[in-house]
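**Student:** Sending over a structure as structure tokens; questions will come in a sec.
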Amino acid sequence: FCFEQKTFIFTKQIVQGKDKHTMKRDSSLVTKAAITAVGSYVPEEVLTNHDLEQMVDTNDEWIRSRTGISERRIAKNPQHSTGFMAVKAAQNLCQNNHIDPSTIDLVLVATITPDYQVSSTAPYVATQIGATNAFAFDISAACSGFLYGMSTAASFISSNQYKKVLLIGADKMSSIIDYTDRATCIIFGDGAGAALFEASDNGFGFENAIHGNDGIGREYLNIQEGGSLYPINENTFNAGKHYLNQEGKTVFKYAVKHMAETSKKVIQNNALTAEEIDYVIAHQANKRIIDATTNHLGVAEEKVLTNIHKYGNTTAATLPLLLADFESTFKKGDKLIFTAFGGGFTWGAAYLTWNYDYQN
Ligand code: UT7
């Protein structure tokens, strides 16, 4: 898509040998996008650490102390796909906020577990919810998908051609997890969250973001089989190459480094102090990653929102699930820092001022 030159300036800088894309704005010219509603869905079925003890060589104490996770939701019904969960989250948002789906202009679904390899999931979601006037596409940026989607949604609103953009982060991680691999099966869960972006009518909303990536990451976090590099064959299938594979320790280090660095930069760019930040909305991959990242920022612990204990890592859904869980806590004007890191590698941070007071 194309941006009006007067509204956005994209700068491409070489920072420590890597490309960094910084979205700057001339605030006098830009239509600011705001999150005006949120929604969510998680499956009913709970998979506890004790359940996992029956499946792999692990224990509740190890999982809780190394990850902060006690349980996660798993969509056991095969029909309850990523698309199904995304539809539920979108319907939850529309129903609770009296949004007529036919007024939505664009539906974005951030996911790495689309219903089908081909076609994308967003058009299905748009049709199912009755977003008959929307166009729709998926965003593939793993755990950074919702964060990248925030910049995308904000840009479409700022173009003044789109009034309502529905951004959904949804992943059925249980569909790509090997439940005999204790390095991955303890971490991930299923879920979906949604946020509606509209033009701000009060000056609060999406302020700016920094995104980064490093292709080295695909060595450390991937599904090898089923793409164009390694199409499915019997040998790779029998070797379990169709499951998610990660080198946890490496991913951990990269995640802390890049989430901390990028968040710091966003905080600096906006001339904020740690005291001025009301909440940090960080990707829920591992409580120790969240703690290490936010320690670098100097933000008080109570401002760092978490729900990893009950959902685990739901990939693209972690950020919107936090928004939905803590919606009633936010006040108009609250200063929120978002940050995420995921496969690719992909990462980033965003600054958003909250647009509304919660009304039951
Ligand atoms: O969203 C982005 C995607 N992924 C991530 O962000 C994941 C980032 N990485 C992590 O969260 C962590 O690296 C893990 C949770 C995956 C692993 O935690 P760790 O503290 O890095 O553990 P480790 O891999 O260094 O393993 C420590 C020990 C090993 O035993 P030895 O060699 O010290 O005897 C492992 O074999 O813990 C053992 N271990 C386990 N023990 C019980 C590994 N997994 C388990 C387990 N239960 N599930």
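Here the sequence shown is numbered in the numbering used here, starting from 441 and rising by one per residue.
The C-beta atom is built at its ideal place from N, Cα and C for all residues, glycine as well.
(1) Return helix, strand or coil for GLY666, following the three-state DSSP convention.
(2) Please list, in chain order, all residues of the same chain as GLY589 whose beta carbon is under 6 Å from its beta carbon, the five residues on each side excluded.
(3) If LYS772 sits next to TYR796, beta carbons under 8 Å apart, how far is it from one beta carbon to the other, in whole angstroms?
(4) Does at least one heavy atom of the ligand UT7 sit under 7 Å from the Cβ of ALA581?
(5) Quick one: complete beta strand (DSSP E) runs, 3+ long, within the stretch 685–755?
(6) Grab the span of the alpha helix (DSSP H) containing ILE503 for me, first residue to last.
(7) From MET613 to GLY629, what does the alpha carbon distance come to, in whole angstroms?
(8) Tell me, please, which residues DSSP counts as bridged to TYR481.
(9) Measure the alpha-carbon distance for PHE441 versus GLN686 and round it to whole angstroms.
(10) Have a look at the DSSP bridge pairing and note the partners of TRP787.
(11) Mapping DSSP to helix, strand and coil, what is ILE539?
(12) What separation, rounded to the nearest whole angstrom, lies between the Cα atoms of PRO483 and LEU712?
(13) So what does DSSP say about PHE766, is it helix, strand or coil?
(14) Within the stretch 564–647, note down every full alpha helix (DSSP H) run reaching 4 residues or more, in order along the chain.
(15) Quick test of your reading: GLY738 and SER584, contact by CB under 8 Å. State the CB separation rounded to the nearest angstrom.
(16) Cutting at 6 Å between CB atoms, please list the residues of its own chain near ALA780, excluding the five before and the five after it.
(17) Just the C-alpha distance for THR676 and GLY657, rounded to the nearest angstrom, thanks.
(18) For the alpha helix (DSSP H) that contains GLU674, what are its first and last residues?
(19) Please tell me whether, using a cut-off of 7 Å, the distance from the CB of ALA530 to the nearest non-hydrogen atom of the ligand UT7 is below it.
(20) According to DSSP, which residues form a beta bridge with THR793?
**Tutor:** According to the data block:
(1) What you label residue 666 is simply residue 226 of the sequence shown in a count that begins at 1. The answer is coil: DSSP assigns GLY666 none of H, G, I, E or B.
(2) In the sequence shown, counting from the first residue as 1, residue 589 sits at position 149. Once the five neighbours on either side are set aside, the close Cβ partners of GLY589 are LEU548, ALA550, ILE579, LEU607.
(3) Residue mapping note: residue 772 aligns to position 332 of the sequence shown, counting from 1. Residue mapping note: residue 796 aligns to position 356 of the sequence shown, counting from 1. The beta-carbon separation of LYS772 and TYR796, rounded to 6 Å, stays under the 8 Å limit for a contact.
(4) Position 141 of the sequence shown, counted from the start, is the residue given in the question as residue 581. Not under cutoff, so the answer is no.
(5) With a minimum length of 3 residues, the continuous beta strand (DSSP E) runs that stay inside the stretch 685–755 are 719–722.
(6) If you number the sequence shown from 1, residue 503 lands on position 63. Bounds of the alpha helix (DSSP H) holding ILE503 are 500–507.
(7) By one-based count along the sequence shown, residue 613 stands at place 173. By one-based count along the sequence shown, residue 629 stands at place 189. If I take the Cα positions, the gap works out to 6 Å.
(8) By one-based count along the sequence shown, residue 481 stands at place 41. TYR481 pairs with ALA632.
(9) Within the sequence shown, residue 441 is the residue found at index 1, counting from 1. Within the sequence shown, residue 686 is the residue found at index 246, counting from 1. Here the model assigns PHE441 a pLDDT of 31, short of 50, so the residue's position is not dependable, and the following value carries that caveat. C-alpha of PHE441 to C-alpha of GLN686: approximately 33 Å in a straight line.
(10) Reading the sequence shown from its first residue, position 347 is the one you call residue 787. GLY652, PHE781.
(11) Within the sequence shown, residue 539 is the residue found at index 99, counting from 1. Here ILE539 sits in coil by DSSP.
(12) Taking the first residue of the sequence shown as 1, we reach residue 483 at position 43. Taking the first residue of the sequence shown as 1, we reach residue 712 at position 272. Computed Cα separation, rounded: 38 Å.
(13) Taking the sequence shown and counting its residues from 1, one reaches residue 766 at position 326. Helix at PHE766.
(14) Runs found: 585–598, 622–625.
(15) If you number the sequence shown from 1, residue 738 lands on position 298. If you number the sequence shown from 1, residue 584 lands on position 144. Under the criterion of beta carbons closer than 8 Å, GLY738 and SER584 do not qualify as touching, at roughly 23 Å.
(16) Stepping through the sequence shown from its first residue, residue 780 is reached at position 340. Here the set comprises CYS583, SER584, LEU587, HIS723.
(17) By 1-based counting over the sequence shown, the position of residue 676 is 236. By 1-based counting over the sequence shown, the position of residue 657 is 217. The alpha-carbon separation between THR676 and GLY657 amounts to approximately 21 Å.
(18) As a first step, residue 674 must be located in the sequence shown, where it is residue number 234. It spans 674–678 - the alpha helix (DSSP H) in which GLU674 sits, taken as one unbroken run.
(19) The residue labelled residue 530 in the question sits at position 90 within the sequence shown. Checking the Cβ of ALA530 against the ligand UT7 gives no.
(20) Residue numbering aside, residue 793 sits at position 353 when the sequence shown is read from its first letter. Under DSSP, THR793 forms a beta bridge with LYS775.
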